[in-house]
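Peer 1:
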Amino acid sequence: MATTTTEDRLAALEARIALLEDHNAVRKLQHAYGYYIDKCLYNQVVDLFTEDCEVQFHGGVFKGKAGARRLYVERFQKAFVGGRNGPVFGFLLDHPMMQDIIDVSPDRKTAKARMRCLMQAGTHDSALDPNAKAGGPALRQWWEGGIYENTYARGEDGRWRIKVLNYRALWHAKFEEGWAHTKVGCRSCTAGRRD
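Letter by letter, the sequence shown follows residues 1 to 195 of the UniProt record's numbering.
1) Residue 213 bridges to which residues according to DSSP?
2) Does Phe-49 come out as helix, strand or coil in the three-state DSSP assignment?
3) DSSP has Glu-149 in a bridge; who is on the other side?
4) Alpha carbon to alpha carbon, what distance is there between Gly-67 and Gln-77?
5) Pick from Ala-11, Gln-30, Thr-3, Thr-5: whose alpha carbon is nearest that of Ala-111?
6) Quick check on DSSP: helix, strand or coil for Lys-78?
7) At which residues does the alpha helix (DSSP H) containing Lys-28 begin and terminate?
8) By a C-beta neighbour count over all protein chains shown, 10 Å radius and 16 as the cutoff for buried, is Asn-24 buried or exposed?
9) Am I right that Val-104 and Asp-22 are in contact with their C-beta atoms under 8 Å? What's the rounded C-beta distance?
10) Is it the case that the Cβ atoms of Met-98 and Gly-34 are separated by a distance below 8 Å?
11) Of the choices Asn-166, Trp-171, Gly-155, Ala-153, whose alpha-carbon is the least far from that of Gly-145?
12) In chain order, what residues of the same chain have a beta carbon less than 6 Å from the beta carbon of Tyr-36, not counting five sequence neighbours either side?
13) Excluding the 5 residues preceding and the 5 following Cys-53 in the sequence, name in chain order all residues of the same chain whose CB lies nearer than 8 Å to its CB.
14) Give the straight-line distance between the Cα atoms of Asp-100 and Leu-48, rounded to the nearest whole angstrom.
15) Is Ala-79 buried or exposed, if buried means 16 or more other CB atoms sit within 10 Å of its CB?
16) Pull the bridge partners of Trp-179 from the DSSP assignment, please.
17) Can you give the Cα-Cα distance for Arg-114 and His-124, rounded to whole angstroms?
18) Any idea if Val-55 is buried or exposed, counting beta-carbon neighbours within 10 angstroms, 16 or more meaning buried?
Here's what the structure looks like:
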């Protein structure tokens, strides 16, 4: 029977602790992403990605930090907060992330994670401009359920960053009507579905 030395046991414990610390760092990174999105801090979102990142969002693929900036700053920032970085009065976006499953590679250079989110979003009626021209901003409220399936990479500086962000919305619903009345193509698939 092989005997293990104190040094062997200590090395094994250090390796396990390092993997747990990596797991926690990846989880914290993903939760920072969620917080920045919810608070409309789109410039900070872009900083969470690797230089050669890829963002897959609603059928679009945005490559590199320039692509991430195009999605988050040039699209979301303009559409949701009028081009400013940070929250604005009357806009709500909350999408807590849950059920996270994170796997760190044995070499501790990459990690993969899957997590679900449940979003509630909308514009409060007090934030709408009563003098806006016809066809301008309208009251919008919606629910959304989605899944993230991401890849992360540890940089040479030791920090974890998002390498591939793949978000798929599984369903959307107007707040007033609820999930039961969404189009079939927008709902998540279920085993007993009738076509």
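Don't be surprised by glycine CBs; every beta carbon is placed ideally from N, CA and C.
Peer 2: According to the structure data:
1) The requested residue 213 does not occur in the structure, where the chain is confined to residues 1 to 195.
2) strand
3) Arg-114
4) 14 Å
5) Gln-30
6) helix
7) 6-38
8) exposed
9) 4 Å
10) no
11) Trp-171
12) Gln-44, Val-45
13) Lys-63, Gly-64, Lys-65, Gly-67, Ala-68, Arg-161, Ile-162, Lys-163, Val-164, Leu-165
14) 18 Å
15) exposed
16) Note: Trp-179 sits in no beta bridge, so no partner.
17) 32 Å
18) buried
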